[in-house]
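Participant:
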């Protein structure tokens, strides 16, 4: 067997030197996060003994500025709280309230969990999908413009006694039907803001996100509106009428049971 000779065809040329150009460092503070936003950021962080605990409200603050949580927003929060972008991204992608693509003026959330679904929630969601021509977390219209709507199907909205329900910017519209939900969306697209069944008057998605961050520019208006429904209070009224009451709390908590002996 003949052994190949690497020198037979002349000397082997060294590979060309490759120089890696690192990307330019990105500023953690995007120009869209203005001085007012930075001041609000400081005020939010100051409310917590550990700064990292402010991450959830800061993500809402970012969303109030951008209409979603962008990579710039991730970097902004990471810089403000001295966290890594990976830590912030892990939180932003875990909670469904943080949107990674731009939202419309209004977020319409249709409950499709069990009770709402069987009472018409699935039909409502399917009709709105067809009407708006979008799917889950997609936007009809230019995001942020008047009448634009982001549609989503939501897990339990904790209003089974008023099913089927949907929310507009997290405000409730109870006892919905396919036709009433369609009329609601028509009104939103016309730029109107129908009064929710319960809760504060509708504003827009970004304004609500500012409130979720803990910043209230008009607290009196924010707390306007009915906070309960007849159906929800029926049990409490029945207990009052019949003289029922819950046992009072003891003066001292009961002792914990003793731990079992550790087996050797």
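Numbering (the numbering used here), first residue to last: 1 to 264. In this text, a Cβ means the ideal position worked out from N, Cα and C, and glycines have one as well.
1. Just tell me which of 181, 108, 60 has its CA closest to the CA of residue 91.
2. Using a Cβ distance threshold of 8 Å, determine whether the stretch 70 to 77 contacts the stretch 221 to 231, with at least three qualifying pairs required.
3. Between residue 174 and residue 159, how many whole angstroms is the CB-CB distance? I'm expecting something under 8 Å.
4. Could you spell out where the beta strand (DSSP E) holding residue 295 opens and where it closes?
5. Of the residues 117, 65, 42, which one's Cα is nearest the Cα of residue 82?
6. Ordered along the chain, which non-local residues of its own chain (more than five positions away) have a Cβ less than 7 Å from that of residue 89?
7. Quick one: what's got a C-beta closer than 6 Å to residue 232's C-beta in the same chain, skipping five residues either side?
8. If you compare alpha carbons, which of 80, 169, 152 is closest to residue 129?
9. Below 8 Å on the Cβ atoms is my guess for residue 121 versus residue 111; work out the distance and round it to an integer in Å.
10. Can you give me the Cβ contacts of residue 27 inside the same chain, cut-off strictly under 6 Å, excluding the 5 residues immediately before and after it?
11. Which first and last residues belong to the beta strand (DSSP E) in which residue 110 is found?
12. Excluding the five sequence neighbours on either side, which residues of its own chain have a C-beta within less than 7 Å of the C-beta of residue 33, listed in chain order?
13. Contact defined as beta carbons within less than 8 Å: I believe residue 137 pairs with residue 101. What is the distance between those atoms, to the nearest angstrom?
14. Closer than 8 Å is the cut-off here; do at least three beta carbon pairs connect the stretch 237 to 250 with the stretch 193 to 213?
15. By how many angstroms is the C-alpha of residue 127 removed from the C-alpha of residue 182?
16. For residue 190, does the three-state DSSP call read helix, strand or coil?
17. Give the secondary structure of residue 154 by DSSP, where H, G and I count as helix, E and B as strand, and everything else as coil.
18. Tell me, which residues are paired with residue 140 by DSSP?
19. If I follow the unbroken alpha helix (DSSP H) through residue 209, where does it start and stop?
20. With 16 as the cutoff for other CB atoms within 10 Å, does residue 189 come out buried or exposed?
21. Which residues in the same chain have their Cβ closer than 6 Å to the Cβ of residue 39, if we skip the five residues on either side of it in sequence?
Facilitator: Looking at the atomic coordinates:
1. The residue you call residue 91 lines up with position 91 of the chain shown. With distances taken between Cα atoms, residue 91 lies closest to 60.
2. no
3. In the chain shown, the residue the question calls residue 174 occupies position 174. In the chain shown, the residue the question calls residue 159 occupies position 159. With 8 Å as the limit, residue 174 and residue 159 qualify as a contact, their Cβ atoms being about 6 Å apart.
4. This structure cannot speak to residue 295, because the chain is shown only from 1 to 264.
5. As a position in the chain shown, residue 82 is number 82, starting the count at 1. The shortest Cα separation from residue 82 among 117, 65, 42 belongs to 42.
6. As a position in the chain shown, residue 89 is number 89, starting the count at 1. Excluding positions up to five away in sequence, the list reads 74.
7. One-based indexing of the chain shown puts residue 232 at position 232. The residues are 161.
8. Sequence index remark: in the chain shown, residue 129 carries index 129 (1-based). The shortest CA-to-CA distance from residue 129 to any of 80, 169, 152 is the one to 152.
9. Counting from one through the chain shown, the residue named residue 121 turns up at place 121. Counting from one through the chain shown, the residue named residue 111 turns up at place 111. Right, their Cβ atoms sit about 5 Å apart.
10. Your numbering for residue 27 matches position 27 in the chain shown. At residue 27, the pLDDT of 45 sits below 50, so the modelled position is not reliable; the number obtained from the coordinates is stated separately. Excluding sequence neighbours, residue 27 sits near nothing in its chain.
11. The sequence position of residue 110 within the chain shown is 110, counting from 1. From DSSP, the beta strand (DSSP E) with residue 110 extends over 106 to 111.
12. Taking the chain shown and counting its residues from 1, one reaches residue 33 at position 33. Result list for residue 33: 65, 76, in chain order.
13. Here the question's residue 137 lines up with position 137 in the chain shown. Here the question's residue 101 lines up with position 101 in the chain shown. With 8 Å as the limit, residue 137 and residue 101 qualify as a contact, their Cβ atoms being about 7 Å apart.
14. No contact exists between the stretch 237 to 250 and the stretch 193 to 213.
15. The residue given as residue 182 occupies position 182 in the chain shown. The residue given as residue 127 occupies position 127 in the chain shown. So the alpha carbons of these two residues sit roughly 8 Å apart.
16. Along the chain shown, read from residue 1 onward, the residue named residue 190 stands at position 190. In the structure shown, residue 190 sits in coil (DSSP, three-state: anything other than H, G, I, E or B).
17. Within the chain shown, residue 154 is the residue found at index 154, counting from 1. Judged by DSSP in its simplified three-state form, residue 154 adopts strand.
18. In the chain shown, counting from the first residue as 1, residue 140 sits at position 140. Looking at the DSSP assignment, residue 140 forms a beta bridge with 149.
19. Translated into positions along the chain shown, residue 209 becomes position 209. Boundaries of the alpha helix (DSSP H) around residue 209: 205 to 212.
20. As a working mapping, residue 189 is identified with position 189 in the chain shown. Residue 189 comes out buried.
21. On the chain shown, residue 39 is found 39 positions in, with the first residue counted as 1. In its chain, beyond the 5 residues on either side, no residue has a beta carbon closer than 6 Å to the beta carbon of residue 39.
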